[in-house]
Structure formats: structure tokens, C-alpha cells
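Protein sequence lines, in the order shown, are assigned to chains A and B. Position one of the first sequence corresponds to residue 2 (my numbering), numbered consecutively onward. Position one of the second sequence corresponds to residue 2 (my numbering), numbered consecutively onward. The beta carbon of each residue, even a glycine, is placed where N, CA and C say it ideally should be.
Number of protein chains: 2
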Amino acid sequence: MSSASPKATNIVWHQASVDRDARAEQRGHRSAILWFTGLSGAGKSTLANAVNQALFERGLATYVLDGDNIRHGLCRDLGFSDADREENIRRIGEVAKLFLDSGVIVLTAFVSPFRADRDKARALVGEGDFLEIFCSADLSVCEERDTKGLYAKARAGDIKEFTGISSPYEAPEHPELSVDTGAGELETCVNEVVSALESRGIIPAQA
Amino acid sequence: MSSASPKATNIVWHQASVDRDARAEQRGHRSAILWFTGLSGAGKSTLANAVNQALFERGLATYVLDGDNIRHGLCRDLGFSDADREENIRRIGEVAKLFLDSGVIVLTAFVSPFRADRDKARALVGEGDFLEIFCSADLSVCEERDTKGLYAKARAGDIKEFTGISSPYEAPEHPELSVDTGAGELETCVNEVVSALESRGIIPAQA
Chain A
2 MSSASPKATN IVWHQASVDR DARAEQRGHR SAILWFTGLS GAGKSTLANA
52 VNQALFERGL ATYVLDGDNI RHGLCRDLGF SDADREENIR RIGEVAKLFL
102 DSGVIVLTAF VSPFRADRDK ARALVGEGDF LEIFCSADLS VCEERDTKGL
152 YAKARAGDIK EFTGISSPYE APEHPELSVD TGAGELETCV NEVVSALESR
202 GIIPAQA
Chain B
2 MSSASPKATN IVWHQASVDR DARAEQRGHR SAILWFTGLS GAGKSTLANA
52 VNQALFERGL ATYVLDGDNI RHGLCRDLGF SDADREENIR RIGEVAKLFL
102 DSGVIVLTAF VSPFRADRDK ARALVGEGDF LEIFCSADLS VCEERDTKGL
152 YAKARAGDIK EFTGISSPYE APEHPELSVD TGAGELETCV NEVVSALESR
202 GIIPAQA
């Protein structure tokens, strides 16, 4: 803080700012966007929340963006048309960028089926700030799980343009990490993500 | 983390979650939304950034949302029509709620001239989570400062519906805090905001 300010009506106030580097230094870790992508039922949200929990237990600043806190809030005005899906992912990318700037490791868990939309989110931030994490459970596994009953509805035609059934899923070509959320155990998948953060120097390696 | 997961294709993964209370306990402070409102030139962004700096120096988790990081990002698709201004404030309220949920003290610095819009943002969160902070510099002071030259343009008719000149500013009726950003010194104003956070138990009082 400045020690003195001019006593005039037309005060010129100094604009303070706390940047990412300052927060990283204080917290002992860098921020990043962990962008989980995969089919419905692939385990994106579960994995993201488990990673979030593991990082929280290390005292790191983290947050998960997923359907639960986005679709009924920021994106409540959006439906499922092509334009609305694109806008949905655009907003999520912008919000993730704000969390990144705030020094938080932000985990996004959305199907985000289109490469172009994911690439736009990636382009918003710097090299190394965006880690695309492909949850690779394949369609047969996801459909067998059908935890929300959505595949059955999609097969019955009750849901239109459902990713994997009636709308394409464009798998990442060069994701920073691909995790086998089909047959892998949760703990193994979590460790793979956490190791990737350590090896990239985003978080300190645990002793 | 669970110590074991079932080894089956149709794995039921436990959904972990880290809530606000857990983060507050770990960080030693609660989260809150500090919603700064006032005329253009009243010093909202400067005050918010100075408070942010002061809280950062205490090691607290904070972030500022203002025109710089919102208008060119999340709200780049919005103009200045009534509907777009309302949507702008709606999105800011929703993003502030996400930061609140993540355990961060989030400071928003926007003119936000309409009571109804501010009240909607307040209604998104719980009692005590939203502190409306009125930056009370009056029009004559703001127009005299005219740091961005906007008042001159508004008087010349080059900017339409400019708050205070050709569009109303509805001052808060019962703000949690009113700060004299017209004649007050920055350091005094910062201390008033920080004291309010201490007295409400959001942050610990400094020894």
C-alpha cells in the first residue's frame, strides 16, 4: 500500500494488482486448467472431483466446474442447439481463464465433444496453462453404465443429438493426458492426473 | 480417497466433494462477495484492487472481477442495451457465486446502476455472503475526475445512456457499507472495507 495519498478532490489513486506469479509464489503451486473431456458416463466429473479432493488434501487451491454448478447458473439461458452448445463451452473457457488468473487449479468436466470448441478454450490461455485430459471410456462401457439413463432415452429417440448416439464425439488427437476411465480404477486415474501436474511443475512433487 | 474400488467394467465411482466449509477451515477465512457499486470514476476498481492487495498481503484467497477481465472475455458478446446490461450483471453474479463456492473472497467492480440487478445477484447466494459496498463519490466529483474522458463524451452526446448523465444511477438504500470515495483517502477506504470483513467474522482480526 502507498503510505500517503494526495489530499485533493481529484485524487489519483494508485491501481494495485496481484498477479498470477505473486499468487503462485505465495501458495507454492502454479495454476492451470484441467479440461476433462469424454462421453457422457465416462467419469469426467467423478474423476475431476476426486482429483480436486486429492489436491485439496495437499492444501492446494482448486475448483471444479461441471454441469451441476454451470448449467443451472451461468448457462441457464442456454439450450442444446449447436449455437448454444458452442456458447456454453465458450463461457466455461472464459470462466476457467478467470480461475486460472486467480491462481486456482480449475478442473472442467463437460462432454465438450467438438475439437474446435476445445481448441478455442485452449487458445484463450498461454502455452502450458491448458491440459486436455481425455477420459477414454468407450461408448459400449458408457452405455452399459448409463448412470443417468440418458443412453436409453437417446436410443429411444427421446433425446435428440445425444453425443455418441446421434451426435459425434471428436476425441482429442493430442491430449496432454489420456486416462482409461473405462476399465481403470479411480485411484489409478487420480494418480495419473496428479503425476502429470507434478511432472509439469504445476504442483510440487510430494516427498 | 477410498482405499479400494470394485474391479468391474461398470465401476461405481464415489463422488468426492470439497465444500466451502472445508476450504474455510483450511484457509482460515470465509469467502464472500464484495459487490462494489457506484458511478463511473467513483473509484470502484481502484478500491477493489487495493482491498485485494491488502487481503493478499494477509495470505487470503481473493480475486477481482472488473471491466478489464469481464468485458473482453465472458461478456464480449454483450453490448450496452438494457437487456445486455442486465445479462452482463447476471453473468457477473453467477461467476461471483462460483468464486464464493470455491472459498475465495471475490470483489466485483462494476457501475451496476440498477437496484433490481444488484438484488438479483444478492439473491443468488446466502444471507451474509453478499456485501454491497457503495462507492459514494458524487457526480460532480466523478465528472471533474473524468479519468477516462467518458463524461465529456457523454455530455457531447457521443455516448448514449451514460450512467449519471443520460441514464439513472440507483444508489443502494441499505448497503452493507458506504465508503466515501469522493473525498476519502484510499488507505482510509481500504481500512473501512477490511474492518467490515473482520467485524463480520469473514476474515480473522489482525493482531
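Give the interface partners of residue i over in chain B, defined as CB-CB distance under 9 angstroms, in chain order.
i, result
"residue 161 (chain A)", "In chain order: nothing, as chain B lies at least about 25 angstroms away."
"residue 22 (chain A)", "Simply none; closest approach about 12 angstroms."
"residue 18 (chain A)", "50, 53, 54 and 65"
At a Cβ threshold of 8 angstroms, is residue i touching chain A?
i, result
"residue 62 (chain B)", "yes"
"residue 98 (chain B)", "yes"
"residue 82 (chain B)", "no"
"residue 10 (chain B)", "Interpretation of residue 10 (chain B) is limited by its pLDDT of 39, a score under 50 that renders its predicted location unreliable; the figure taken from the coordinates is listed afterwards. True, the Cβ-Cβ gap to chain A drops below 8 angstroms."
"residue 2 (chain B)", "Its pLDDT being 35, under 50, residue 2 (chain B) is placed unreliably in this model, and the coordinates cannot settle the point."
Determine, for residue i, whether the minimum Cβ-Cβ distance to residues of chain B falls below 8 angstroms.
i, result
"residue 27 (chain A)", "yes"
"residue 202 (chain A)", "no"
"residue 6 (chain A)", "Bear in mind that the predicted position of residue 6 (chain A) carries a pLDDT of just 38, short of 50, making it unreliable; the figure below should be weighed with that in mind. Yes, because at least one Cβ of chain B sits closer than 8 angstroms to the Cβ of residue 6 (chain A)."
Assuming residue i contacts residue j (C-beta within less than 8 angstroms), just tell me the rounded distance between them.
i, j, result
"residue 137 (chain B)", "residue 180 (chain B)", "7 angstroms"
"residue 96 (chain B)", "residue 40 (chain B)", "That pair is no contact at about 23 angstroms."
"residue 44 (chain A)", "residue 182 (chain A)", "4 angstroms"
"residue 166 (chain A)", "residue 153 (chain A)", "Incorrect: roughly 10 angstroms between the Cβ atoms, too far for contact."
"residue 125 (chain A)", "residue 94 (chain A)", "5 angstroms"
Closer than 7 angstroms by beta-carbon distance: list the chain A residues that pair up with residue i, in chain order.
i, result
"residue 95 (chain B)", "74 and 75"
"residue 1 (chain B)", "Any property of residue 1 (chain B) remains undetermined from this structure, which presents chain B solely from 2 to 208."
Closer than 8 angstroms by beta-carbon distance: list the chain B residues that pair up with residue i, in chain order.
i, result
"residue 70 (chain A)", "99 and 102"
Taking C-beta pairs closer than 9 angstroms, name the residues in chain A that residue i reaches, listed in chain order.
i, result
"residue 86 (chain B)", "Residues of chain A passing the Cβ test: none, with the nearest at roughly 15 angstroms."
Segment contact, 8 angstroms Cβ cut-off, at least three pairs: the region 173-185 of chain A with the region 128-142 of chain A: yes
Interface positions of the region 37-59 of chain B facing chain A (Cβ-Cβ less than 7 angstroms), listed along the chain: 44, 47, 50, 51, 53, 54, 55 and 57
Interface positions of the region 173-199 of chain B facing chain A (Cβ-Cβ less than 8 angstroms), listed along the chain: 183, 184, 186, 187, 188 and 191
Residues, ordered as in the chain, of the region 135-156 of chain A that lie near chain B by beta-carbon distance below 7 angstroms: Listed by position, the residues of the region 135-156 of chain A near chain B (Cβ gap below 7 angstroms) are 142, 145 and 146.
Residues within the region 108-139 of chain A neighbouring chain C, beta-carbon criterion of under 7 angstroms: Annotation note: the requested chain C is absent from the structure, which comprises protein chains A and B.
contact_flag[the region 100-110 of chain B, the region 28-45 of chain B] where n(CB pairs < 8 angstroms) is 3 or more: yes
Contact the region 110-127 of chain A vs the region 76-96 of chain A: 3+ CB pairs below 8 angstroms: yes
Any 3 or more C-beta pairs closer than 8 angstroms across the region 47-61 of chain A and the region 189-204 of chain A: yes
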